[in-house]
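Notes follow once the structure below has been shown.
Protein chains: 2
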Amino acid sequence: MSDPSTLSATEAARRIRAGSLSATALTEALLARIAAREPAVRAFVHLDPALALRAAAAADASAKAGRAGPLQGLAFGVKDVLDTADQPSQYGSPIWAGHRPRSDAACVALARRAGAIILGKTVTTEFATRHPGATANPHNPKHTPGGSSSGSAAGAGAGFFHAGFGTQTAGSIIRPAAFCGAVGFKPSYGTLHRAGMKVMSESLDTIGVITGSVADAALAMAGLTGGDYGDPDAKPGRAPRLGLCWGPTADQAKPETRAMLERVVAAAARAGATVVPFEMPAAVVAGLAAHGAVMNGESADALAWEFDHAAAQLSPGLRERMEWGRDQPRAVKDAGRLAFAAARTAFADVVAGFDAILTPSAPGEAPEGLGATGDPAFNSLWTLLHVPCVTVPVGTGPLGLPLGAQIVAGIGQDKAALAWAEWVRQAA
Amino acid sequence: MSDPSTLSATEAARRIRAGSLSATALTEALLARIAAREPAVRAFVHLDPALALRAAAAADASAKAGRAGPLQGLAFGVKDVLDTADQPSQYGSPIWAGHRPRSDAACVALARRAGAIILGKTVTTEFATRHPGATANPHNPKHTPGGSSSGSAAGAGAGFFHAGFGTQTAGSIIRPAAFCGAVGFKPSYGTLHRAGMKVMSESLDTIGVITGSVADAALAMAGLTGGDYGDPDAKPGRAPRLGLCWGPTADQAKPETRAMLERVVAAAARAGATVVPFEMPAAVVAGLAAHGAVMNGESADALAWEFDHAAAQLSPGLRERMEWGRDQPRAVKDAGRLAFAAARTAFADVVAGFDAILTPSAPGEAPEGLGATGDPAFNSLWTLLHVPCVTVPVGTGPLGLPLGAQIVAGIGQDKAALAWAEWVRQAA
Numbered sequence: 004m005s006d007p008s009t010l011s012a013t014e015a016a017r018r019i020r021a022g023s024l025s026a027t028a029l030t031e032a033l034l035a036r037i038a039a040r041e042p043a044v045r046a047f048v049h050l051d052p053a054l055a056l057r058a059a060a061a062a063d064a065s066a067k068a069g070r071a072g073p074l075q076g077l078a079f080g081v082k083d084v085l086d087t088a089d090q091p092s093q094y095g096s097p098i099w100a101g102h103r104p105r106s107d108a109a110c111v112a113l114a115r116r117a118g119a120i121i122l123g124k125t126v127t128t129e130f131a132t133r134h135p136g137a138t139a140n141p142h143n144p145k146h147t148p149g150g151s152s153s154g155s156a157a158g159a160g161a162g163f164f165h166a167g168f169g170t171q172t173a174g175s176i177i178r179p180a181a182f183c184g185a186v187g188f189k190p191s192y193g194t195l196h197r198a199g200m201k202v203m204s205e206s207l208d209t210i211g212v213i214t215g216s217v218a219d220a221a222l223a224m225a226g227l228t229g230g231d232y233g234d235p236d237a238k239p240g241r242a243p244r245l246g247l248c249w250g251p252t253a254d255q256a257k258p259e260t261r262a263m264l265e266r267v268v269a270a271a272a273r274a275g276a277t278v279v280p281f282e283m284p285a286a287v288v289a290g291l292a293a294h295g296a297v298m299n300g301e302s303a304d305a306l307a308w309e310f311d312h313a314a315a316q317l318s319p320g321l322r323e324r325m326e327w328g329r330d331q332p333r334a335v336k337d338a339g340r341l342a343f344a345a346a347r348t349a350f351a352d353v354v355a356g357f358d359a360i361l362t363p364s365a366p367g368e369a370p371e372g373l374g375a376t377g378d379p380a381f382n383s384l385w386t387l388l389h390v391p392c393v394t395v396p397v398g399t400g401p402l403g404l405p406l407g408a409q410i411v412a413g414i415g416q417d418k419a420a421l422a423w424a425e426w427v428r429q430a431a
Numbered sequence: 004m005s006d007p008s009t010l011s012a013t014e015a016a017r018r019i020r021a022g023s024l025s026a027t028a029l030t031e032a033l034l035a036r037i038a039a040r041e042p043a044v045r046a047f048v049h050l051d052p053a054l055a056l057r058a059a060a061a062a063d064a065s066a067k068a069g070r071a072g073p074l075q076g077l078a079f080g081v082k083d084v085l086d087t088a089d090q091p092s093q094y095g096s097p098i099w100a101g102h103r104p105r106s107d108a109a110c111v112a113l114a115r116r117a118g119a120i121i122l123g124k125t126v127t128t129e130f131a132t133r134h135p136g137a138t139a140n141p142h143n144p145k146h147t148p149g150g151s152s153s154g155s156a157a158g159a160g161a162g163f164f165h166a167g168f169g170t171q172t173a174g175s176i177i178r179p180a181a182f183c184g185a186v187g188f189k190p191s192y193g194t195l196h197r198a199g200m201k202v203m204s205e206s207l208d209t210i211g212v213i214t215g216s217v218a219d220a221a222l223a224m225a226g227l228t229g230g231d232y233g234d235p236d237a238k239p240g241r242a243p244r245l246g247l248c249w250g251p252t253a254d255q256a257k258p259e260t261r262a263m264l265e266r267v268v269a270a271a272a273r274a275g276a277t278v279v280p281f282e283m284p285a286a287v288v289a290g291l292a293a294h295g296a297v298m299n300g301e302s303a304d305a306l307a308w309e310f311d312h313a314a315a316q317l318s319p320g321l322r323e324r325m326e327w328g329r330d331q332p333r334a335v336k337d338a339g340r341l342a343f344a345a346a347r348t349a350f351a352d353v354v355a356g357f358d359a360i361l362t363p364s365a366p367g368e369a370p371e372g373l374g375a376t377g378d379p380a381f382n383s384l385w386t387l388l389h390v391p392c393v394t395v396p397v398g399t400g401p402l403g404l405p406l407g408a409q410i411v412a413g414i415g416q417d418k419a420a421l422a423w424a425e426w427v428r429q430a431a
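Line order of the protein sequences matches chains A and B.
FYI, the numbering used here numbers position 323 of the first sequence as 326, with every residue one higher than the one before it.
FYI, the numbering used here numbers position 69 of the second sequence as 72, with every residue one higher than the one before it.
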């Protein structure tokens, strides 16, 4: 039998169901792959192989007893802003060094309930903001993996696990997934409950998954929620009507991104898609203008205890942004949330004219250096709109690093977003 | 000098600012009042007088050093679904017995930053749902104080502290405040960050305050957020245009509530108000129909860890509702959140025609018995609409127990809601 660490989640799940692969064998194979590549990638902030193997053995025992969940034996990496009862949860900050929560975050508990193995905790930037951890891009260790879900994206890109939990406040799932050549899926806001997450911006923070394929993202989401995420590998019976959106931040797209999106548009059109460029209505653009005040204002409240008891252990950049957010007038922050709601209402009319929207995932390839995680310019808008977003890998840029195209649908249209994302990926 | 425990928050704050009252003297007076009445009321699940007095001494030292916040020396009770670093946080459940979080909830940290004394943790029902704690109604110990913010409402009604933090998913601030003869204020959704709260329903849970007067609620909110909550004691220069809403649950109003609201309407009209009865549009009623599936579905996710590791320690009623919520089809829960959003859009048009809306706070007086906390029939709608709600005491029912009238305004119109609530209270 071939190395099981190379199997997609969908294929591994099939073999486990069929009894031809055990969770233990799969976990052992993944741990071997990690042992070989983790020194260069540094996706994990906590990895205890013995603990993972005990969980795999327990999963195998459950399966033998007839209790197998939809994610039986599959491996998850958990971004370290999500609590785990059996592993430290340190939120990317020295303030929380050694913290051991009593309970699992809701999404972690749901993953375990579905039979998944929590392989380890993945690196997050400081409180899922900007100050980076040690993770490198698996495609070139001199380049950032992106952030804030750095370890989940790098680990998914390196094939360390079948799904990495990520969270997105600005661009923290889609951008790193694109940088690492993975599939990133930010579901509709509120799909995965944030209980046990170190929430920063209540209006924005969204939990999602980073995987090796669109089908694997659908499998993970269906297993976690019981919802219908479809079968992205099934060919739709028609080609889509796609809206092409460069968006209010169009001028931040680098040449490789312009070339990539034009290439994807041409390929989609050849495959039968109708592609219609459009501009965002003013109410949507106004929502984006409020993103910074709401995000930093809410995050400053979220970190009130840290700020008052351990400010010296916050990075200087975060401290500065939290002071800025704290000092924005309350009326501006309240108006910002209303602007978000108005943007969502206006966008619902726009997106109703399309099957899905095509837009960049990031300005370009992953930038060089590990001191910064890149720019969420092409992400914040979709986060505040609360819409499902998928990034799919569509080739490489001038340095040979992955590029992603982003597919967006209306709130609640998660299944369609995944289906058309896979359609676009195959067409491109 | 008179007993400082009888002072309103507003007056106590004035005297502390003027230097004629110390936080220590105020805290001592409140602790004496608590010592006398707490055996009958049972508002606290944790109260450490020595800890409170140390905090008061520290507040006095800060004030002497010129560092006095807007809530300097005022006493807060904290519902025990909100984390406190220096006191146990047990969420009304034996599963969390003895739990000591590392940090304060955001709202607790903001209260301390503003100079407030965290007097103790107040009784919550089990995870802020239905299974009650030991608290009694301060107006008649054979009657429920309501819930889930039982201890914060009873403590505010008994004058144990200047403000009690409450949380509302269905009717958990407004109903107990009305039952206990207190003022309850549920601000616009998202105003007080839920970091460090044991969140159940992400779409609904809202943190607010229960106080002795509307002015004290405004003082507390302004001190916590830096926002403008106005001066509810200042006479508006005109009478309001009020919408009268019996709402989709009108048939659940008891005779005392019908009589009360008719009396309030007549008094408001005599004082110059225009009172216009209206019916809710269908989209709003449809939102209410989705409340149960979203609330219990999200709560079941929130308690996934407890359910899988300690189900035997959940009350049978909660376990049953969590199973029901878990088993609702995911599509129904997702559609429910969309129905909430549509209800909010529809309601914005309705409320734009009024200065505020007048509606019952609860079906009637606090029911007899401590085994149940009453019915949120007149609250769930306003919670899902995310609008600011105020209950003000407006007399008593046939058993001599307090009745509340509820004043509601549009999202973000918190200052107006407080101002017109006080106007209605004075008119009634």
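From the three backbone atoms N, C-alpha and C, an ideal C-beta is built for every residue, glycine too.
Predicted model only: the values in this text are computed from it and were never measured.
Short CB-CB distance (under 8 angstroms) between residue i and chain E
| i | result |
| --- | --- |
| residue 160(A) | Judged by its chain identifiers, the structure shown contains no chain E, and its protein chains are A and B. |
Residues bridged to residue i [DSSP beta-bridge criterion]
| i | result |
| --- | --- |
| residue 124(A) | 49(A), 81(A) |
| residue 143(A) | 140(A) |
| residue 200(A) | 85(A) |
Same chain, Cβ closer than 6 angstroms to residue i, neighbours up to 5 away in sequence not counted
| i | result |
| --- | --- |
| residue 166(B) | 79, 212, 214, 223 |
| residue 25(B) | 63 |
| residue 43(A) | 144 |
| residue 59(B) | 26, 27, 30, 120 |
| residue 412(B) | 359, 391, 419, 420 |
| residue 1(A) | Nothing can be reported for residue 1(A), as the shown portion of chain A is limited to 4 through 431. |
| residue 98(A) | 309, 313, 316 |
Segment limits, beta strand (DSSP E) that includes residue i
| i | result |
| --- | --- |
| residue 393(A) | 392-399 |
| residue 189(A) | 186-189 |
| residue 172(B) | Counting along the chain, residue 172(B) falls outside any beta strand (DSSP E), and DSSP gives it neither H nor E. |
| residue 411(B) | 405-411 |
| residue 280(A) | 277-280 |
| residue 360(B) | 359-363 |
| residue 194(A) | Note, residue 194(A): premise wrong, no beta strand (DSSP E); not H, not E. |
Same chain, Cβ closer than 7 angstroms to residue i, five either side skipped, listed in chain order
| i | result |
| --- | --- |
| residue 242(B) | 274, 275, 276 |
| residue 339(A) | 293, 296, 297 |
| residue 202(A) | 208, 305 |
| residue 216(B) | 11, 186 |
| residue 399(A) | 405, 406 |
| residue 374(A) | 135 |
For residue j and residue i, the rounded distance between their alpha carbons
| i | j | result |
| --- | --- | --- |
| residue 122(B) | residue 162(B) | 12 angstroms |
| residue 279(A) | residue 244(A) | 8 angstroms |
| residue 46(A) | residue 77(A) | 18 angstroms |
| residue 380(B) | residue 255(B) | 7 angstroms |
| residue 17(A) | residue 70(A) | 15 angstroms |
| residue 305(B) | residue 170(A) | 17 angstroms |
| residue 173(A) | residue 218(B) | 38 angstroms |
| residue 337(A) | residue 420(B) | 15 angstroms |
| residue 251(A) | residue 181(A) | 20 angstroms |
| residue 20(A) | residue 75(A) | 8 angstroms |
Cβ neighbours of residue i in the same chain (closer than 8 angstroms, five flanking residues each side left out)
| i | result |
| --- | --- |
| residue 9(B) | 162 |
Where the alpha helix (DSSP H) through residue i begins and ends
| i | result |
| --- | --- |
| residue 305(B) | 294-305 |
| residue 37(A) | 26-44 |
| residue 329(B) | 319-330 |
| residue 154(A) | 153-160 |
Q: Compile a chain-ordered list of the residues in the stretch 337-357 of chain A whose CB is closer than 7 angstroms to at least one CB of chain B.
A: 337, 340, 341, 348
Q) When Cβ atoms are compared, which residues of the stretch 197-229 of chain B fall closer than 7 angstroms to chain A? A) 197, 198, 202, 205, 206, 228, 229
Q) Closer than 8 angstroms, Cβ to any Cβ of chain A: which residues of the stretch 63-92 of chain B, in chain order? A) Listed in sequence order: 88.
Q.
Closer than 9 angstroms between beta carbons: that is the criterion. Which residues of the stretch 105-125 of chain A meet it against chain B?
A. 105, 106, 107, 108, 109, 110, 111, 112, 113, 115, 116
Q.
Output needed in chain order: residues of the stretch 365-394 of chain A with a Cβ under 7 angstroms from some Cβ in chain B.
A. Of all residues in the stretch 365-394 of chain A, none is placed with a Cβ closer than 7 angstroms to any Cβ belonging to chain B.
**Q.** Proximal residues, the stretch 405-423 of chain B versus chain A, C-beta separation under 8 angstroms
**A.** 414, 415
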